[in-house]
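*Asks:* Please find one structure pasted underneath; my questions will follow.
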Amino acid sequence: MTDSAGFTVRRVLVALDASTRDSGGIDPAALLAARLGAELAGLFIEDVNVSRLARLPAARHVQPGTGRLIHVDESTFRRELDSLVERLRARLASASDTAGVRWSYQIERSPVRAALLRAAEEADLLVIEVATLALERGLPREAERAAHACPRSLFLVQRGAPLDAITLVYGLTPARARTLEAARRLSRAGTPRLRVLIHGRTPDELRAAEADLRAQIDVSEPWLSMIPVELTTLEQLARALQGLDAGTLVIGADDSLLCGSGPRRLFEAAPGNVLLVR
1266 MTDSAGFTVR RVLVALDAST RDSGGIDPAA LLAARLGAEL AGLFIEDVNV SRLARLPAAR
1326 HVQPGTGRLI HVDESTFRRE LDSLVERLRA RLASASDTAG VRWSYQIERS PVRAALLRAA
1386 EEADLLVIEV ATLALERGLP REAERAAHAC PRSLFLVQRG APLDAITLVY GLTPARARTL
1446 EAARRLSRAG TPRLRVLIHG RTPDELRAAE ADLRAQIDVS EPWLSMIPVE LTTLEQLARA
1506 LQGLDAGTLV IGADDSLLCG SGPRRLFEAA PGNVLLVR
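The numbering used here runs 1265 ahead of the 1-based position in the sequence shown.
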């Protein structure tokens, strides 16, 4: 990332593991990389703890590609895992070629959280599909924990939600210029449409936030719409978002509405994808 006035992404990392279903967020990650002018890196994490359990005769394993817990012997688990690794590599290559971005694919045998944190240090944006956040095991739960410690921006993919229909949550936060730039880059690269939900805790703060936005962007543009609303909590934000298109929500990690809330609660409040800008 650059300073607070810029949003620069050179490398997008999409994290995958044995619980990954379908594309695991590869397709939207490739499109996101193309819009941001970045390269795409796929990281398949073979959790050493899961592999160790696979050697136990009575163990239950996460079935690669489905996330279901099943009884299976070690050799079958290994064949399924190797097959999934190759399918995801092919999917990454195809999606990257279609999007016109450079790509790489890496396999790491390590505890999930440690692998994510190491990889995220070399990327600017971490992409996670959150369709399986409720699972007790697998990447999404560990990725959520890693996201708290990761200093990078985070893109939470809601399966089936488009990248377009960008909604920016805008308040008087230190990183608001960078968050605004992220939303503008996404909207310019796709369908030119940007909706800005301007928030403040009081009427005076709301007016100040709106004036601040007007100083940074031409609000008369036909592709821009503004929604001023008094908000103090993430729950109120969720209610304000009800009825809006399930596209992509852009919000700064330092926004007061989050108030220490994790990626899971933020995702639950949003109708679609979430870009958490750091």
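The C-beta atom is built at its ideal place from N, Cα and C for all residues, glycine as well.
What residues in its chain sit with their C-beta under 7 Å from that of Leu1496, if we drop five residues either side in the sequence?
*Replies:* His1464, Leu1502, Ala1505, Leu1522
*Asks:* Would you mind working out which of Val1279, Glu1351, Leu1540, Ala1385 sits nearest Leu1451, comparing C-alpha positions?
*Replies:* Leu1540
*Asks:* Output the distance between the C-alpha atoms of Ile1492 and Pro1427, rounded to the nearest integer angstrom.
*Replies:* 21 Å
*Asks:* If you follow the alpha helix (DSSP H) that Arg1300 is in, where does it begin and where does it stop?
*Replies:* Arg1300 -> alpha helix (DSSP H) spans 1291-1301.
*Asks:* Among the candidates Ile1310, Gly1365, Val1422, Thr1432, whose CA atom is the shortest distance from the CA of Glu1373?
*Replies:* Closest by C-alpha distance to Glu1373, out of Ile1310, Gly1365, Val1422, Thr1432, is Ile1310.
*Asks:* Under a Cβ-count criterion, where at least 16 other Cβ atoms within 10 Å of its own Cβ denotes burial, should Pro1439 be classed as buried or exposed?
*Replies:* exposed
*Asks:* Within this structure, are the beta carbons of Arg1275 and Asp1362 separated by less than 8 Å?
*Replies:* no
*Asks:* Assign Arg1374 to one of three DSSP states: helix, strand, or coil.
*Replies:* The three-state reading of DSSP puts Arg1374 in strand, counting E and B together.
*Asks:* Return yes when the Cβ of Val1392 is within less than 8 Å of the Cβ of Leu1278, no when it is not.
*Replies:* yes
*Asks:* Round the Cβ separation of Val1515 and Thr1432 to the nearest angstrom and send it over; I've been treating them as touching at under 8 Å.
*Replies:* Between Thr1432 and Val1515 the Cβ distance is about 7 Å, and since that is below 8 Å, they are a contact.
*Asks:* Less than 8 Å separating the beta-carbons of Ala1384 and Leu1305?
*Replies:* no
*Asks:* What does the alpha-carbon distance come out to for the pair Leu1459 and Ser1348?
*Replies:* Whole-angstrom Cα-Cα distance: 41 Å.
*Asks:* Determine the extent of the alpha helix (DSSP H) in which Ala1280 is found, giving its start and end residues.
*Replies:* Judged by DSSP secondary structure, Ala1280 falls outside any alpha helix (DSSP H) and instead within the beta strand (DSSP E) spanning 1276-1282.
*Asks:* Would Leu1531 pass as a contact of Val1494 if the rule is Cβ separation under 8 Å?
*Replies:* no
*Asks:* Could you tell me the distance, in whole angstroms, from the CA atom of Pro1487 to the CA atom of Phe1420?
*Replies:* 27 Å
*Asks:* Should Ala1430 and Asp1519 be called a contact, given that it needs their Cβ atoms to be closer than 8 Å?
*Replies:* Not closer than 8 Å, so no.
*Asks:* Could you tell me if Gly1537 is buried or exposed, where buried requires 16 or more neighbouring beta carbons within 10 angstroms of its beta carbon?
*Replies:* buried
*Asks:* Please report how far the alpha carbon of Arg1479 lies from the alpha carbon of Ala1355, in whole angstroms.
*Replies:* Taking the Cα positions, Arg1479 is about 45 Å away from Ala1355.
*Asks:* So what does DSSP say about Glu1533, is it helix, strand or coil?
*Replies:* helix
*Asks:* Would you mind sorting Asp1469 into buried or exposed? The rule is 16 or more other CB atoms within 10 Å of its CB.
*Replies:* For Asp1469, the number of other beta carbons within 10 angstroms of its own is below 16, and it is reported as exposed.
*Asks:* Counting C-beta neighbours from all protein chains within 10 Å, is the total for Leu1474 16 or more, i.e. buried, or is it exposed?
*Replies:* Looking at the sequence itself, residue 1474 is Ala, so the reference to Leu does not match. Classification of Ala1474: buried, given that the 10 Å Cβ count is 16 or more.
*Asks:* Per the DSSP calculation, Leu1391 is bridged to which residue(s)?
*Replies:* Its beta-bridge partners are Leu1278, Leu1419.
*Asks:* Distance, Cα to Cα, Gly1517 vs Thr1341?
*Replies:* Gly1517 and Thr1341: Cα-Cα distance of roughly 44 Å.
*Asks:* Taking the alpha carbon of Glu1616 as the point to measure from, which residue in Gly1365, Ser1359, Ser1418, Arg1344 has its own alpha carbon closest?
*Replies:* Nothing about residue 1616 can be reported from this structure: the residues present for the chain run from 1266 to 1543 only.
*Asks:* Can you name the residues that DSSP bridges to Ala1379?
*Replies:* Beta-bridge pairing links Ala1379 to no other residue.
*Asks:* In three-state DSSP terms, what is Phe1272?
*Replies:* coil
*Asks:* If you reduce the DSSP assignment to three classes, tell me which class Leu1400 lands in.
*Replies:* Any reading at Leu1400 needs caution, since the residue's pLDDT is 42, under 50, leaving its predicted position unreliable; the model's value is listed next. Correct three-state label for Leu1400: coil.
*Asks:* Closer than 6 Å by C-beta to Ser1269: which residues in its own chain qualify, once you throw out the five before and the five after it? Chain order, please.
*Replies:* In this predicted model, Ser1269 has a pLDDT of only 46, less than 50, meaning its place in the structure is not dependable; the value taken from the coordinates is given anyway. For Ser1269, where only same-chain residues beyond five positions count, the Cβ hits under 6 Å are Ala1440, Ala1442, Arg1443.
*Asks:* Per DSSP, which one or two residues make a beta bridge with Ile1431?
*Replies:* Leu1459, Thr1513
*Asks:* Tell me where the beta strand (DSSP E) around Ala1541 begins and ends.
*Replies:* In the sequence as presented, Ala is not what sits at residue 1541; that position holds Leu. Segment 1538-1542, the beta strand (DSSP E) holding Leu1541.
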